[in-house]
Structure formats: structure tokens, C-alpha cells
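A.B. asks: My questions will all concern the structure given below.
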Amino acid sequence: MVGERAERAQVFALMVLAWGLSAGFVAAGYWSGAGGEVFAGRDAMAAAGFATSLAALTLIAGIGAAARLRFFGRNIDGSAPAPGSALDIMRRYVSNTTEQVVLFAIACQALAVVDASVAIRLLPVMGVWFVIARMMFYAGYRQAPLWRAVGFAATFHPTLVLFGWVFWRFLS
């Protein structure tokens, strides 16, 4: 019981760290206008396509790594990997990243439709942040499973903020 309480406190602290890192990176990118400069003269759907393509790279990398681990490992026959093995962790990464990419892609497309001016400036920055956050998720998972909380929160919560902005724009 005490161990679980300490783990929850650690995960919460890592989530708070992720919120600060996310807010700092995204705000700096948005206010610098970097995304707007890159996508000047293009429409919001181009910015959404760029952001979702970056996010998809994290999934492509994970699938490729899992395939390599299978090909050169004991599980070339498609059998389940041993719990905690490199292939097991990679499969977990791919599963979670698939979920995150789907949500992020939907949020990006929705933002491009409802608030093009914000999407052009924000989504390229969010795409870069998504890649960084997924790398933190994987690195954290490899170090200690609880440490994946930083990368998870740094991916999931900014996507939730995008959805919140979209719904607010729909309703306003």
C-alpha cells in the first residue's frame, strides 16, 4: 500500500514535469511564430498534415524496431515475447503510440477546420513536440516503467488541450 502511494506520487510529479515542459515548449514555439513562418502561404490543412506526418514517424519507428527485434530474436515465428523483454516493451510502445497518433491526428484535423490561423502557427510546433514526447515515453519505459509517465503526459495532455480548444471554438 505504501509502495503504491509512493509510486502514484512519483507518477504525479512526473506528470507535472511533463505539463511544464509541454507548456514551455509549445508556448515558445507558438509565440516565436516558427510554425507560421514555415507554413506562410499555405493552408491550415498543410500544417495539420505536417504535424500528423511527424507523429506518424514515431509509430513507423516503433513498428520498424519491433520488426527488427522479431527478425533477429526468438520471436520470428510471431510468438508472444517474454514479459519485460525488449520486444515486449517495443510492442507496448507501438500500442500506446498508435492510440496517441490517432487522437493527435483527429485533434489536428479538427483544429485546422475550426481555427485555421491558430492551426498554422501551433500544429507544426505540436508535431515536433509530439516526437520529443514519444521519445521521452520510450526512454522512460526503458529506464523504469513509471518514468514513461513524462512522455505519456507530454503527448496525451497537449492533445487534450487541442480538443478543448476545438470544442470551445465550436461552441463560441
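Just add 740 to wherever you are in the sequence shown, counting from 1, and you've got our numbering. For every residue, glycine included, the Cβ atom is placed at its ideal position computed from N, Cα and C.
1) Which word fits Gly869, buried or exposed, when buried means at least 16 other C-beta atoms lie within 10 angstroms of its C-beta?
2) Rounded C-beta distance between Met875 and Pro898? I'm assuming under 8 Å.
3) Can you check whether the CB of Val858 is closer than 7 Å to the CB of Ala795?
4) So, with DSSP's three-state summary, where would you put Ile872?
5) Is it true that the stretch 826-836 meets the stretch 879-887, where meeting means three or more beta-carbon pairs spaced less than 8 Å apart?
6) Please name the residue in Trp905, Val906, Gly904, Thr895 whose C-alpha comes closest to that of Ser762.
7) Report yes if the CB atom of Leu827 is closer than 7 Å to the CB atom of Leu843, and no otherwise.
8) Considering only the beta carbon of each residue, do Glu747 and Leu886 sit closer than 7 Å?
9) Could you tell me whether the Cβ atoms of Gly891 and Phe903 are closer together than 7 Å?
10) Give the range of the alpha helix (DSSP H) segment to which Pro898 is assigned.
11) Assuming Asp855 and Arg909 form a contact by the criterion Cβ under 8 Å, report the distance between their Cβ atoms to the nearest whole angstrom.
12) Could you name the residues of the same chain whose beta carbon sits closer than 7 Å to that of Arg888, not counting the 5 residues immediately before and after it, in chain order?
13) Can the beta-carbon of Pro864 be found less than 7 Å from the beta-carbon of Val778?
14) Given a cut-off of 7 Å on the beta-carbon distance, is the pair Ala681 and Ile860 in contact?
15) Enumerate in chain order the residues of its own chain whose CB-to-CB distance from Met785 is below 7 Å, with the five nearest sequence positions on each side excluded.
C.D. replies: With the structure as the only source:
1) The residue you call residue 869 lines up with position 129 of the sequence shown. Note on residue identity: the sequence assigns Trp, not Gly, to residue 869. It counts as buried.
2) As a working note, residue 875 is residue 135 in the sequence shown. As a working note, residue 898 is residue 158 in the sequence shown. About 15 Å; that fails the 8 Å criterion.
3) Working through the sequence shown from its first residue, we reach residue 795 at position 55. Working through the sequence shown from its first residue, we reach residue 858 at position 118. It is not a contact, given that the beta carbons lie outside the stated cut-off.
4) Translated into positions along the sequence shown, residue 872 becomes position 132. Residue state, collapsed to three classes: helix.
5) yes
6) For the purposes of this step, residue 762 is taken as the residue at position 22 of the sequence shown. The shortest C-alpha separation from Ser762 is found at Thr895.
7) Residue numbering aside, residue 827 sits at position 87 when the sequence shown is read from its first letter. Residue numbering aside, residue 843 sits at position 103 when the sequence shown is read from its first letter. Cβ distance not < 7 Å, so Leu827 and Leu843 don't count as in contact.
8) On the sequence shown, residue 747 is found 7 positions in, with the first residue counted as 1. On the sequence shown, residue 886 is found 146 positions in, with the first residue counted as 1. Against a cut-off of 7 Å, the Cβ pair of Leu886 and Glu747 comes out as a contact.
9) Along the sequence shown, read from residue 1 onward, the residue named residue 891 stands at position 151. Along the sequence shown, read from residue 1 onward, the residue named residue 903 stands at position 163. No; because the gap between Cβ atoms is not below 7 Å, this pair is not in contact.
10) Translated into the one-based positions of the sequence shown, residue 898 becomes position 158. Looking at the DSSP string, the run of the alpha helix (DSSP H) that includes Pro898 is 888-911.
11) Counting from 1 along the sequence shown, the entry for residue 855 is found at position 115. Counting from 1 along the sequence shown, the entry for residue 909 is found at position 169. That pair is a contact at about 5 Å.
12) In the sequence shown, counting from the first residue as 1, residue 888 sits at position 148. Excluding positions up to five away in sequence, the list reads Phe877, Gly880, Tyr881.
13) Your numbering for residue 864 matches position 124 in the sequence shown. Your numbering for residue 778 matches position 38 in the sequence shown. Contact: yes.
14) The structure shown does not extend to residue 681, since the chain is modelled only from 741 through 912, so no value can be given for it.
15) For the purposes of this step, residue 785 is identified with residue 45 of the sequence shown, where counting begins at 1. Cβ neighbours of Met785 beyond the five flanking positions: Ala852.
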